[in-house]
Every structure is written in C-alpha cells, then in structure tokens.
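Asks:
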Amino acid sequence: MSEETIHIARTRAEVQHCIQAAREGGKRLGLVPTMGALHEGHLSLVRAAQRSCDFVVVTIFVNPAQFSPTEDFSKYPRTIDADLEALRDLGVDLVFMPDREELYPGGFSTYVLPPAVADPFEGQVRPGHFRGVATIILKLFHLLPTDVAFFGQKDYQQCQVIRQMVEDLNVPIEIQACPIIREPDGLAMSSRNRYLSPDERRRAVSLSAAVGEAVRQVQAGTTETSVITERMHDILRKAGVTKVDYAAIADATTLEVINRIDRPAVALIAAYVGATRLIDNALLTAE
Ligand code: PAF
Numbered sequence: 022m023s024e025e026t027i028h029i030a031r032t033r034a035e036v037q038h039c040i041q042a043a044r045e046g047g048k049r050l051g052l053v054p055t056m057g058a059l060h061e062g063h064l065s066l067v068r069a070a071q072r073s074c075d076f077v078v079v080t081i082f083v084n085p086a087q088f089s090p091t092e093d094f095s096k097y098p099r100t101i102d103a104d105l106e107a108l109r110d111l112g113v114d115l116v117f118m119p120d121r122e123e124l125y126p127g128g129f130s131t132y133v134l135p136p137a138v139a140d141p142f143e144g145q146v147r148p149g150h151f152r153g154v155a156t157i158i159l160k161l162f163h164l165l166p167t168d169v170a171f172f173g174q175k176d177y178q179q180c181q182v183i184r185q186m187v188e189d190l191n192v193p194i195e196i197q198a199c200p201i202i203r204e205p206d207g208l209a210m211s212s213r214n215r216y217l218s219p220d221e222r223r224r225a226v227s228l229s230a231a232v233g234e235a236v237r238q239v240q241a242g243t244t245e246t247s248v249i250t251e252r253m254h255d256i257l258r259k260a261g262v263t264k265v266d267y268a269a270i271a272d273a274t275t276l277e278v279i280n281r282i283d284r285p286a287v288a289l290i291a292a293y294v295g296a297t298r299l300i301d302n303a304l305l306t307a308e
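This is the structure in structure tokens:
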C-alpha cells in the first residue's frame with residue numbers, strides 16, 4: 022500500500038542522491054527527524070516544514086544509541102504502516118528509513134560529546150541519552166544537509182542540546198522548535214501515551230496541569246520558584262503521580278535551576294504514570 026506511493030530511501034547512497042537532486046533544483050529543504058510511532062505532534066512538524074520549505078524529508082529510525090541498557094529499545098512502539106500512510110497523506114517528498122546497520126555498521130565507535138545543557142534533568146536520569154541523540158542528529162545532518170530541521174518543543178532539553186551543538190560545531194542548518202501539541206484535556210501528545218491504561222490516562226493530565234499552574238503562578242506575580250515547584254509537586258501528588266524524576270524551574274537557555282523568575286524560564290517535569298515515563302514543559306515569562 023503506502024510503500025508504493027511514497028518515496029522511501031533506505032540507504033545512505035539513495036538518500037544522498039535524492040537530497041543532492043533536490044538541492045540542484047534550488048529547493049529549500051526541510052528535515053523532520055523522528056523515531057516513528059507518529060502522532061499529531063510529529064505531523065504538526067511536517068506541516069510546519071511544508072509551510073516554509075519546498076522539499077520535506079522525514080526520517081524514521083529508532084536510534085539504539087539513545088536508549089540505555091535498562092530502557093527497552095526493542096519495546097519502543099513501531100507503527101510503520103500507519104506512519105507511512107500518514108506521511109503519504111500529507112504528501113511528504115521523501116522518507117528516509119534506514120536499518121540499524123546502515124547507520125551503525127560494524128566498527129562504528131565515534132560519538133558526539135553533547136554540550137553542558139545536556140547535563141541536568143534528562144542527562145542525570147538517562148545518562149548517555151543525549152550522547153546518542155546528538156550523535157544520530159549530527160549523522161543525519163551530514164547525510165541530509167537540509168536548510169532547516171524541525172523538532173518538537175515537548176522535548177525541550179533535546180531542542181536546546183541540538184541548538185547548542187549546531188552552534189558549537191558550525192552546522193549550517195537552522196533549527197526550528199515547534200509548539201507542543203496537546204490532547205483536548207491538556208496531555209502533551211507522545212508516542213508513549215498509548216501505554217497508559219484508562220486510569221493512568223486520567224492521572225497523566227496532572228503533568229500538563231502542573232506546568233499550566235506554573236505559568237499561572239508566574240503570570241500572577243509569584244517569583245520564588247520554590248513556591249511554584251511546591252505547587253507543581255502538589256498537583257502531581259494529588260493525582261497519585263508519585264515517582265517524579267523532576268519538577269523544576271530552570272533558565273530557558275542554559276537549563277540551570279533558578280531560585281527566582283528574573284529571566285526567561287521554563288517549567289520542566291518528568292514523571293512516571295504507572296510504568297510509563299512522561300515529560301512536559303512550559304515556558305514562563307514574567308509580565
Ligand atoms: O525526538 C526524537 O524522536 C528523537 O530523539 C530524535 C530527535 C528523532 C533522534 O533520534
């Protein structure tokens with residue numbers, strides 16, 4: 022079905038050839054890197070790319086290097102037929118879907134040491150995660166030298182890591198972070214939401230409620246971040262979300278934890294709802 026009507030490249034040589042051809046046509050190229058299991062959040066990235074680019078390539082690759090041995094790489098959701106159908110319906114120009122050997126052949130042993138912004142939060146809880154993300158993204162940027170690359174702001178720290186890497190390593194690709202897409206009740210869309218039972222799904226909304234409360238507190242003039250994070254923890258606790266990796270407020274650029282809202286800041290949460298680890302965030306700007 023979808024495979025016949027959408028252009029899929031599976032090898033480095035094929036994808037480089039297609040990108041080269043599009044470049045020669047003078048097109049503005051957009052890249053949307055994904056790990057598949059596509060939802061509205063991903064599709065919003067594709068639409069954003071289509072609005073500002075003439076040729077859009079989506080990559081689907083579950084990157085083993087960003088999973089730790091305790092995280093289950095093999096259990097990451099894979100919904101390839103539905104993904105290709107959605108991308109075909111949107112009319113993407115090219116899908117790059119390499120297998121593992123294509124990107125990590127035998128003998129592969131070079132990794133990117135990510136910037137300092139990778140150290141706190143996800144970096145603490147998931148050591149090595151951003152090393153894997155930075156490595157695959159730099160590899161994709163080399164194989165697919167597009168003009169712009171699109172990332173979801175739900176992975177706020179990931180966006181900051183990639184921005185800093187691109188800046189530090191002089192990669193000539195513009196990074197565009199796109200807004201979080203939410204379910205009607207506020208839950209941020211995520212490939213992992215499908216693991217939630219009906220009861221967990223109800224409790225999961227506490228993450229967006231907590232970051233939303235942080236936004237309201239700041240708008241109401243609260244500047245002590247400890248007051249705000251206490252409220253965030255309260256909301257999670259009341260929803261029975263007790264395994265909280267972090268619920269914190271940090272400088273929006275460096276992700277250093279701050280005590281007062283005296284600069285652009287971000288509220289960040291990672292917590293388990295049942296066995297499913299979810300993240301959410303919101304930018305906080307003092308009036
Ligand atoms: O956000 C993701 O899905 C992944 O971390 C990314 C950016 C595609 C790299 O594998």
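Here the sequence shown stands for residues 22 to 308, where the numbers follow my numbering. Yeah, the Cβ is synthetic: ideal placement off N, Cα and C, and Gly gets one too.
Measure the C-alpha to C-alpha separation of Q41 and P126 and round it to an integer number of angstroms.
Replies: Approximately 23 Å, taken between the alpha carbons.
Asks: What's the C-alpha gap between P90 and R152?
Replies: So the alpha carbons of these two residues sit roughly 14 Å apart.
Asks: Report, in whole angstroms, the separation of the C-beta atoms of V265 and A292, which I expect to be a contact under 8 Å.
Replies: Rounded, the Cβ-Cβ distance is 4 Å, consistent with contact.
Asks: Would A288 be called buried (16 or more neighbouring beta carbons within 10 Å of its own) or exposed?
Replies: Buried: at least 16 other Cβ atoms inside 10 Å.
Asks: Which same chain residues end up closer than 6 Å to D301 when comparing Cβ atoms and leaving out the 5 residues on each side of it in sequence?
Replies: A209, L228, S229, V232, I290.
Asks: Spatial neighbours of R224 within its chain, please: CB distance less than 7 Å, with the 5 preceding and 5 following residues excluded, ordered by chain position.
Replies: A260, G261, V262, V294.
Asks: Span of the alpha helix (DSSP H) holding K160?
Replies: Here the alpha helix (DSSP H) through K160 covers 150 to 164.
Asks: I'd like to check one pair, A286 with L257: are the Cβ atoms closer than 7 Å?
Replies: Not a contact, by the Cβ cut-off of 7 Å.
Asks: For N214, name the three-state secondary structure that DSSP assigns.
Replies: DSSP places N214 in helix when its eight states are reduced to three.
Asks: Looking at C-alpha atoms only, which residue of R33, G46, Q87, R109 is the closest neighbour of V67?
Replies: Of R33, G46, Q87, R109, the residue nearest in Cα terms is R109.
Asks: With which residues is A268 paired in a DSSP beta bridge?
Replies: DSSP output for A268 lists I290 as bridge partner(s).
Asks: What are the start and end residues of the beta strand (DSSP E) that includes E195?
Replies: Its beta strand (DSSP E) spans residues 195 to 199.
Asks: Just to confirm, are P54 and L161 a CB contact at a threshold of 7 Å?
Replies: Yes; because the gap between Cβ atoms is below 7 Å, this pair is in contact.
Asks: For the stretch 134 to 152 against the stretch 164 to 174, are there 3 or more C-beta pairs whose distance is under 8 Å?
Replies: Segments in contact, no.
Asks: By the 10 Å Cβ neighbour count, where 16 or more other Cβ atoms means buried, how is E277 classified, buried or exposed?
Replies: By the 10 Å Cβ count, E277 comes out exposed.
Asks: Note down, in chain order, each residue of its chain lying with its Cβ closer than 8 Å to the Cβ of I270, except the 5 sequence neighbours on either side.
Replies: Once the five neighbours on either side are set aside, the close Cβ partners of I270 are A235, T246, I249, T250, V278, I279, I282, A286, V287, A288, L289, L305.
Asks: Whole angstroms are fine: how far does the CA of C180 sit from the CA of A303?
Replies: Roughly 13 Å between the two C-alpha positions.
Asks: Which residue marks the beginning of the alpha helix (DSSP H) containing T91, and which one marks its end?
Replies: Counting along the chain, T91 falls outside any alpha helix (DSSP H), and DSSP gives it neither H nor E.
Asks: Ignoring anything shorter than 3 residues or poking outside the stretch 30 to 116, list the beta strand (DSSP E) runs there in chain order.
Replies: You should have 50 to 55, 76 to 81.
Asks: Starting from A235, follow the alpha helix (DSSP H) in both directions and report where the run begins and ends.
Replies: Element bounds for A235: 219 to 240.
Asks: Short check: CB of G62 to CB of G173, under 7 Å?
Replies: Yes, they are a contact pair.
Asks: Take G47 as the anchor and find which of M253, D75, N191 has the nearest alpha-carbon.
Replies: Of the candidates M253, D75, N191, the one whose C-alpha sits nearest the C-alpha of G47 is D75.
Asks: For L64 and G57, what's the separation of their Cα atoms in angstroms?
Replies: Taking the straight line joining both Cα atoms gives about 11 Å.
Asks: Please report the distance separating the alpha-carbon of M15 from that of A268.
Replies: Residue 15 lies beyond the stretch modelled for the chain, which goes from 22 to 308, so this question has no answer here.
Asks: Using a threshold of 7 Å, state whether the C-beta atoms of V78 and L52 are closer than that.
Replies: Yes, Cβ-Cβ distance for V78 and L52 is below 7 Å.
Asks: I'd like to confirm the pairing. Which residues does DSSP put opposite G173 in its beta bridges?
Replies: Its beta-bridge partners are C199.
Asks: Just to confirm, is the Cβ distance from A170 to I196 under 7 Å?
Replies: The answer is yes: Cβ separation under 7 Å.
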